[in-house]
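Undergrad: Residue numbers for the sequence shown, in our numbering: 19 to 535.
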Amino acid sequence: MAIKKSDLYSSIWASCDELRGGMDAGQYKDYVLFMLFIKYITDKYGNSNDFAPPVTIPKGASFTDMVALKGKSDIGDKINTQIIQPLIDANARLARSDFPDFNDPNKLGEGQAMIDRLTNLIGIFQKPELDFSENRADHDDILGDAYEYLMRHFATQSGKSKGQFYTPSEVSRVIAQVIGISPQNTKAATTAYDPTCGSGSLLLKVAAQAGKHITLEGQEKDVTTAGLARMNMILHDFPTANILSGNTLAAPKFKDGEQLRTYDYVVANPPFSDKTWTSGLTLSKDPFQRFAWGEPPAKQGDYAYLLHIIRSMKGSGKAACILPHGVLFRGNAEATIRQQLVRSGYLKGIIGLPSNLFYGTGIPACIVVLDKENAAARKGVFMIDAAKGFIKDSAKNRLREQDIHRIVDTFTKQADVPRYARMVPLAEIANPKNDFNLNLPRYIDSTEPEDIQDIDGHLRGGIPERDLDALGAYWKVLPGVRGVLFDPAGRPGYARLRLPLAEVRAAVQKPTTVAAG
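So, in C-alpha cells, the structure goes:
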C-alpha cells in the first residue's frame, strides 16, 4: 500500500514541533532532514543484496540502531559516534559537516530534556505509516519530494539568509524544459552542472527531464547547504552525483587539468547582485579567462556568474541562468559585456518572470537561455514577457501549470505571440536607438488594449460590428455561427442577436456551423 504524502508531511511537522524552542527553522531543519535521510537509507538499503549498494550502512549505524538508543542517558553522544561517524567513514561522499551535532545542549536542552526530545524525535519516524520498505518500486522519490517540501517551508520562514538554497520547483521545471534536455538526446555520459547548486533541486529537475541517470555535478559555497544537496541527491536516487563545497568564482572545483570542465547542460540560480563576488579573485589574472568580455562591477556579480557559465559550456552546450532584470539594461561595464554576449550568438532567449516568486527577494527575475550550437548563424533573440502569468499563494507569487505550459510551449515553438513573445532580430537590438539594451518592454508591448466603450450602442442598443470583427479567429473555426446568431440592427455598423439566449448554445453546437477538419 502506498504511503500517503499527507502522513509523511504531518510526521515531519510533528518532529519540527518537537524541536522548536531554542532553535529557529534554519537550525532545526538539519535535525529533521537527517532523520529523514537515515530512515530512508535504512528502508531502502538496509537489507540490500546489491554487490555495491549506492549507500553503505555499517553494522550498528541504521535507523533501527537509533531506536535502540531511545531513553538512554548518552543518546546524543551515541547518535554522533555510533550512527553518524560510521556512516561518514563508510561513504566517501558524506562529510561530518553534512550532519548536525546531536549532543549540543544549547540546541537540544540539557540532561533529561535532551533525552526526551531525541527519544520523541526518533519515535515520530517509527510510525508504521512511515515504513518505506514495501514501496521501493513506485515511491522511491516520496522522501526526496518531502525533503524539498521542507526546504521550501524553511526558505519561506528563514528569509534571505536561508532562502538562498531553494529555487521554486515551478521555475526549476521551466529551466529544465527550455534548455531542451529530453530522453531522446541524453545518455549516461550526458553531463549537467550547477555552479551555485544550493540544495540541488534545480539539478534534480534537469535529471528528471532527462529521464535517465545522467552525470550530475555541482558546487555550493555554503558547507551545510552542500551537505543538504549531497543527501538530496541520495534521496532522489542519484547517489553518484558529485557535489563539492567552495566558492565557484574564486576556486572552481570542477576542472580538467588547468581549464574549467565543460558540460552539455549548465543551470544556475546564483545569488542576485552578489556584492562580494570578487573575494579571492584577481580579475586581470583569472586563469580561466572568464572576463575577456569585460569585468563586471565590483558590487554586482550577476555577469560574473553568467561568464563562468559560458566558459563551462561545451561547444554545443545549452544553459539557463536566473538573473535579476538589471542585467538586461544596466550600463557601463555591464553594457559592454551585454554587447559581446549578443554579438557572440550564444544568447538564445530571455524569459521575463513575475515578481515575488523567489524566497528572500520580491524583485522580478528573468531566465537567460544560452545555446552555443549554431551560434554563428543565430539571427535573433527570442523574448517572452511572462510577468503577468501567476497566482498569488499566501505571501508569494507562484507559476501555475498553465503558466509553465505557456512559457515552455511558446519558447519551444519560437512563435510570435502578440503582447507576450517575439523573435527580436539582432539588427533591431544593435540599432542605435536600442544600443544592445535588452529590457523586454522595448521589444514586447504587454499592455492590454483599451476596452473601447460605444456610447451609441449603450444609448440606442445593438452590438458594434467592430466588436464582432475582433472575434475573427472564432468565425474561421465556426464559419456559419456569425450568420446564425446575428442580424443587422437596422442602422449601419450595428448588429443584434437573432436568438433568445437560451437557444444560443444549441445553435453553436449544430454540426453545420463547425468548419470541416
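Cβ atoms here follow ideal geometry from the backbone N, Cα and C, with glycine treated the same way.
(1) Note down, in chain order, each residue of its chain lying with its Cβ closer than 7 Å to the Cβ of CYS215, except the 5 sequence neighbours on either side.
(2) Would you check if there are 3 or more beta carbon pairs closer than 8 Å linking the region 397 to 410 to the region 444 to 458?
(3) In terms of residue numbering, what span does the beta strand (DSSP E) encompassing ASP453 cover?
(4) I need the straight-line Cα distance from VAL189 to ILE340, nearest angstrom please.
(5) Taking PRO342 as part of the beta strand (DSSP E), name the residues at either end of that continuous run.
(6) Identify which residue in GLY490, LYS90 and GLY298 has its Cα closest to the Cα of ASN121.
(7) Report the three-state DSSP secondary structure of TYR184 (helix, strand or coil).
(8) Starting from ASN260, follow the beta strand (DSSP E) in both directions and report where the run begins and ends.
(9) Check TYR512 in the structure and name its three-state DSSP category.
(10) Please confirm whether ALA507 and GLY480 have their CB atoms less than 8 Å apart.
(11) How many Å lie between ALA433 and LEU148 at the Cα?
(12) Find out if the Cβ-Cβ distance for the pair VAL50, ILE75 is shorter than 8 Å.
(13) Between the alpha carbons of ALA155 and GLY229, how many angstroms are there, rounded?
(14) Which ranges does the beta strand (DSSP E) cover as unbroken runs of at least 3 residues, wholly within the region 370 to 436, from first to last along the chain?
(15) Taking buried to mean at least 16 other C-beta atoms within 10 Å of its own C-beta, is LEU126 buried or exposed?
(16) Closest to VAL526 by C-alpha separation, out of GLY501, ALA513, GLU483 and LYS366, would be which residue?
(17) Candidates ALA286, SER217, ASP469 and ILE425: which alpha carbon is nearest ALA210's?
(18) Would you mind stating whether VAL61 and SER187 have Cβ atoms separated by less than 8 Å?
(19) I need the DSSP call for ILE199, collapsed to helix, strand or coil.
(20) Contact between the region 295 to 304 and the region 351 to 358 is defined here as three or more beta-carbon pairs at a separation below 8 Å; is this criterion met?
(21) State the Cα-Cα distance for the pair HIS157 and ILE252, rounded to the nearest angstrom.
(22) Please report the straight-line C-alpha distance between LYS88 and PHE376, rounded to a whole angstrom.
(23) According to the Cβ coordinates, are ILE232 and THR266 closer than 8 Å?
(24) What do you get for LEU359, buried or exposed, if any count of 16 or more other CB atoms within 10 angstroms of its CB means buried?
(25) With respect to the alpha helix (DSSP H) encompassing ASP472, which residues constitute its N-terminal and C-terminal limits?
(26) Using three-state DSSP, classify ILE140 as helix, strand or coil.
(27) Alpha carbon to alpha carbon, what distance is there between ALA79 and ASP320?
(28) Out of LEU365, GLY475 and SER24, which one is the CA nearest neighbour of GLU391?
(29) Among LYS528, LEU496 and GLY475, which has the Cα closest to the Cα of ALA513?
(30) Using the DSSP secondary-structure output, state which residues sit across from ASP212 in a beta bridge.
(31) So, at 6 Å on beta carbons, what are the nonlocal neighbours of SER179 in its own chain, with the 5 sequence-adjacent residues on each side left out?
(32) For the alpha helix (DSSP H) that contains ALA439, what are its first and last residues?
(33) Going by DSSP, what residues sit across from LYS273 in a beta bridge?
(34) Specify, as a first and last residue, the run of the beta strand (DSSP E) that ASP505 falls within.
(35) May I ask you to list the residues that DSSP assigns as paired with TYR283?
(36) My output table needs one value for GLY218: the three-state DSSP class, helix, strand or coil.
TA: In brief:
(1) Along the sequence shown, one-based indexing puts residue 215 at 197. Excluding sequence neighbours, CYS215 sits near LEU221, GLY236, GLN237, GLU238, ALA247 and ILE261.
(2) Because the criterion of three Cβ pairs below 8 Å is met, the region 397 to 410 and the region 444 to 458 touch.
(3) The sequence position of residue 453 within the sequence shown is 435, counting from 1. Careful: ASP453 lies outside any beta strand (DSSP E) and carries neither H nor E.
(4) Your numbering for residue 189 matches position 171 in the sequence shown. Your numbering for residue 340 matches position 322 in the sequence shown. If you take the alpha carbons of VAL189 and ILE340, they lie about 9 Å apart.
(5) Taking the sequence shown and counting its residues from 1, the one referred to as residue 342 is at position 324. Note, PRO342: beta strand (DSSP E), 331 to 342.
(6) Working through the sequence shown from its first residue, we reach residue 121 at position 103. Across the set GLY490, LYS90 and GLY298, the C-alpha of LYS90 shows the shortest separation from the C-alpha of ASN121.
(7) As a position in the sequence shown, residue 184 is number 166, starting the count at 1. Coil at TYR184, not helix or strand.
(8) Along the sequence shown, one-based indexing puts residue 260 at 242. Residues 260 to 263.
(9) Position 494 of the sequence shown holds residue 512. Three-state DSSP puts TYR512 in a strand.
(10) Here the question's residue 507 lines up with position 489 in the sequence shown. Here the question's residue 480 lines up with position 462 in the sequence shown. Taking 8 Å as the Cβ cut-off, ALA507 and GLY480 qualify as a contacting pair.
(11) Mapped onto the sequence shown, residue 433 falls at position 415. Mapped onto the sequence shown, residue 148 falls at position 130. Cα to Cα, ALA433 sits roughly 47 Å from LEU148.
(12) Locating residue 50 in the sequence shown gives position 32, where the first residue counts as 1. Locating residue 75 in the sequence shown gives position 57, where the first residue counts as 1. 8 Å or more divides the Cβ of VAL50 from the Cβ of ILE75.
(13) One-based indexing of the sequence shown puts residue 155 at position 137. One-based indexing of the sequence shown puts residue 229 at position 211. Because ALA155 sits at a pLDDT of 36, beneath the cut-off of 50, its placement in the model cannot be relied upon, and the point is left open.
(14) You should have 383 to 389, 398 to 403, 409 to 411 and 414 to 416.
(15) Working through the sequence shown from its first residue, we reach residue 126 at position 108. Counting the other CB atoms within 10 Å of its CB gives LEU126 a total of 16 or more, which places it among the buried residues.
(16) Against the sequence shown, residue 526 aligns to sequence position 508. Selection GLY501, ALA513, GLU483 and LYS366 evaluated against VAL526 yields GLY501 as nearest (Cα-Cα).
(17) Stepping through the sequence shown from its first residue, residue 210 is reached at position 192. If we check each option's Cα against that of ALA210, ALA286 comes out closest.
(18) Here residue 61 refers to the residue found at position 43 of the sequence shown. Here residue 187 refers to the residue found at position 169 of the sequence shown. At residue 61 the sequence reads Asp, which differs from the Val that was named. A distance of 8 Å or more separates the beta carbons of ASP61 and SER187.
(19) Residue mapping note: residue 199 aligns to position 181 of the sequence shown, counting from 1. Correct three-state label for ILE199: coil.
(20) In the pairwise beta carbon analysis, the region 295 to 304 is classified as not touching the region 351 to 358: fewer than three pairs are separated by under 8 Å.
(21) For the purposes of this step, residue 157 is taken as residue 139 along the sequence shown, with counting starting at 1. For the purposes of this step, residue 252 is taken as residue 234 along the sequence shown, with counting starting at 1. Confidence at HIS157 is low in this model, with a pLDDT of 39, below 50, so the placement of that residue should be treated as unreliable; the coordinate-derived value is given next. Taking the straight line joining both Cα atoms gives about 14 Å.
(22) In the sequence shown, residue 88 corresponds to position 70, counting from 1. In the sequence shown, residue 376 corresponds to position 358, counting from 1. Spanning the two alpha carbons is a distance of roughly 40 Å.
(23) Translated into the one-based positions of the sequence shown, residue 232 becomes position 214. Translated into the one-based positions of the sequence shown, residue 266 becomes position 248. No; because the gap between Cβ atoms is not below 8 Å, this pair is not in contact.
(24) Taking the first residue of the sequence shown as 1, we reach residue 359 at position 341. Burial call: buried.
(25) Your numbering for residue 472 matches position 454 in the sequence shown. Counting along the chain, ASP472 sits inside no alpha helix (DSSP H), nor does DSSP assign it H or E at all.
(26) Looking up residue 140 in the sequence shown gives position 122. ILE140 carries a helical assignment under DSSP once its states are collapsed to helix, strand and coil.
(27) Position 302 of the sequence shown holds residue 320. Position 61 of the sequence shown holds residue 79. Cα-Cα distance, rounded: 44 Å.
(28) On the sequence shown, residue 391 is found 373 positions in, with the first residue counted as 1. The shortest C-alpha separation from GLU391 is found at LEU365.
(29) Position 495 of the sequence shown, counted from the start, is the residue given in the question as residue 513. Nearest of LYS528, LEU496 and GLY475 to ALA513, Cα basis: GLY475.
(30) As a working mapping, residue 212 is identified with position 194 in the sequence shown. Paired residues: GLY236.
(31) Taking the sequence shown and counting its residues from 1, the one referred to as residue 179 is at position 161. Here the model assigns SER179 a pLDDT of 45, short of 50, so the residue's position is not dependable, and the following value carries that caveat. For SER179, there are no CB contacts under 6 Å within the same chain when 5 residues up- and downstream are skipped.
(32) Translated into the one-based positions of the sequence shown, residue 439 becomes position 421. Counting along the chain, ALA439 falls outside any alpha helix (DSSP H), though it belongs to the beta strand (DSSP E) covering 439 to 443.
(33) Numbered from its first residue, the sequence shown carries residue 273 at position 255. BP columns for LYS273 point to LEU278.
(34) Locating residue 505 in the sequence shown gives position 487, where the first residue counts as 1. Segment 504 to 506, the beta strand (DSSP E) holding ASP505.
(35) Within the sequence shown, numbered from 1, the residue matching residue 283 stands at position 265. Beta-bridge annotation (DSSP): TYR283 is paired with ALA210 and LYS336.
(36) The residue labelled residue 218 in the question sits at position 200 within the sequence shown. DSSP, read as helix, strand or coil, puts GLY218 in coil.
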